[in-house]
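Take a look at the structure below.
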Amino acid sequence: MSLSNFRNYTSLELDLPPGPTIVKGSNGHGKSNLLEAMYALAIAKSSRAALERDLVNKASLENLIDGFSYAMVGATVLSKESRERLEIHYRSQPSENDDGFTTQKFIRINGIPKRASDLVGRLNAVLFSVEDLDLVFGRPSTRRRYLDILLSQMDSKYLRTLQQYQRAITQRNHLLRSIREGLSVPSELDFWDDQISNTGSTITAERVKAVRSLSETSRPLHSDISGTNEKMCCEYLSSSDIQSEEEPSLIEKSLASAIWDARNKDIAQGSTSVGPHRDDMKILIEETSADRFASRGQARTAI
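Here the sequence shown is numbered in the numbering used here, starting from -1 and rising by one per residue.
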């Protein structure tokens, strides 16, 4: 693994042996930054930073090379089938933004420029941190993001479908506001409604399968870890009237109907109110919603 001007690291070359590795050090010495770098190679973005400029070592921003600062995180990933070099490069330059710099990100796989979506799934990783308690107590968006990262690492088709869905939602929301202002007509929504129901049904079906699998797998593990007979399960909560046993084709019909029914409301508020971007996953302990009644100890066990 290689780091250059990433967070508090100016330079690092690290060989990790097969099997478990324990990283030990004092506070502020870069343990979390090292894990962040590893996970960034798995999901093509930081798990902590809101701005990619925050990933760049501050000292390098004060010592520009031809007007730029450069940072990199990379690793050679070995598996039974392949050996790949994965790299994320960051290039920063002064700007008039509030933080004073604009940072661009570039992906390379075996030295070849690639899209960020091409990186996802090359290195499968699961990150467990203090912030993961938000999966129980946090916003629905946190749980949706968890499911999307999980599924995107497993299937690149899911990631592409998710990106298509997100673009369609963005375009529909722009159009909704334009209709509200009298600049467009409602019939223009038909195209985007079809796009959203088509891609959204695939996303929903895959999430439902994942939640069902998580529930079945976690139930016996939860009992072993907690040392109790408490029963844990997970449920997928749809923003439209979709049953968990439905096939994608049936989900598409239900979603299309829900989008149509919400059209007037969506125009009034200027945003799309139904679809997988509004869905949630509920964690239940003893058939009771964990976000309302679980102790922090119970939440840690569940996660």
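Don't be surprised by glycine CBs; every beta carbon is placed ideally from N, CA and C. Predicted model only: the values in this text are computed from it and were never measured.
In this structure, does DSSP put A288 in helix, strand or coil? Reduced to three states, the DSSP call for A288 is helix.
Output the boundary residues of the beta strand (DSSP E) element that contains F104. F104 -> beta strand (DSSP E) spans 99 to 107.
Would you grab the beta carbon distance between S238 and A256 for me? Rounded to a whole angstrom, and I think it's under 8 angstroms. Sure, about 3 angstroms apart at Cβ, within 8 angstroms.
By DSSP, does T299 sit in helix, in strand, or in coil? Three-state result, T299: helix.
Is the separation between the beta-carbon of S90 and that of T74 shorter than 8 angstroms? No.
W190 versus A208 - alpha carbon distance: If you take the alpha carbons of W190 and A208, they lie about 27 angstroms apart.
By DSSP, does T202 sit in helix, in strand, or in coil? Helix.
I want to see whether chain D comes within less than 8 angstroms of M(-1), judged by CB atoms only; does it? Of the protein chains in this structure there is only one, and it is not chain D.
Residues of its chain near A40, where Cβ-Cβ distance is below 6 angstroms and the 5 sequence neighbours each way are ignored: Cβ neighbours of A40 beyond the five flanking positions: L121, A123.
Per DSSP, what kind of secondary structure is V302 in: helix, strand or coil? With the chain running from -1 to 301 in the structure shown, residue 302 is simply not present.
Within 10 Å of its beta-carbon, does L53 have 16 or more other beta-carbons around it, so buried, or fewer, so exposed? Answer is buried; the Cβ neighbour count reaches 16.
Hey, is the region 218 to 231 in contact with the region 172 to 191, meaning 3+ C-beta pairs nearer than 8 angstroms? Taking 8 angstroms as the limit for Cβ pairs, the verdict is that the region 172 to 191 does not touch the region 218 to 231.
With D13 as the anchor, note down where its beta strand (DSSP E) starts and where it stops. Run containing D13: none; DSSP gives neither H nor E here.
If we count Cβ pairs, one from each stretch, closer than 8 angstroms, do we get three or more for the region 106 to 114 versus the region 125 to 136? Touching, no.
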